[in-house]
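*Asks:* The working numbering numbers the first residue of the sequence shown as 16 and each following residue consecutively.
Beta carbons: idealized from backbone N, C-alpha and C, even for Gly.
Next up is a structure, given as structure tokens.
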Amino acid sequence: MAALLGTAACTACLAAPNLPVLIALQIVAGTAWGGILLAGLGLAGSVGRHGREGLFVGALFAILALGAAARVGLTLAGIPFSGQVTLPLAAALWGAGTRLCLAWLRPRAGVEAADR
């Protein structure tokens, strides 16, 4: 739910008519980001096998840092951030991240039998 709220708020920021509306939308987007971060930390802690929770939480923070570094790199490269550039790039990166997460979380026959 927080992801949908944050997406809607960020999309509305592109068409904000004035500064007070933009500030309100940024507050909504920031609140949604906090919800997404807490949900991600909870998931990373619960998905990690006994004794491996720290690895999952550390991987989450490493991915977030990689995303921040990539955002800074794209800005320094001078890529213009318009809807024509940002939306396809975001869709491609989200798709790649989704495929990676699904492949990582897919149960494996040998590992599942060893856990029992």
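Going by CA-CA distance only, name the one from 60, 117, 21, 33 that's closest to residue 49.
*Replies:* 21
*Asks:* Can you have a look at residue 40 and say buried or exposed, based on whether 16 or more other CB atoms are within 10 angstroms of its CB?
*Replies:* It counts as buried.
*Asks:* Only counting the same chain, and skipping five residues up and downstream in sequence, which positions put a Cβ closer than 6 Å to that of residue 122?
*Replies:* Nothing listed; no residue qualifies.
*Asks:* Helix, strand or coil for residue 61, going by three-state DSSP, please let me know.
*Replies:* helix
*Asks:* If residue 100 and residue 94 are in contact, beta carbons under 8 Å, what's the gap, nearest whole angstrom?
*Replies:* Confirmed, about 6 Å.
*Asks:* Are the beta-carbon atoms belonging to residue 82 and residue 71 less than 9 Å from one another?
*Replies:* no
*Asks:* Which term fits residue 24, buried or exposed, when burial requires 16 or more other beta carbons within 10 angstroms of its beta carbon?
*Replies:* buried
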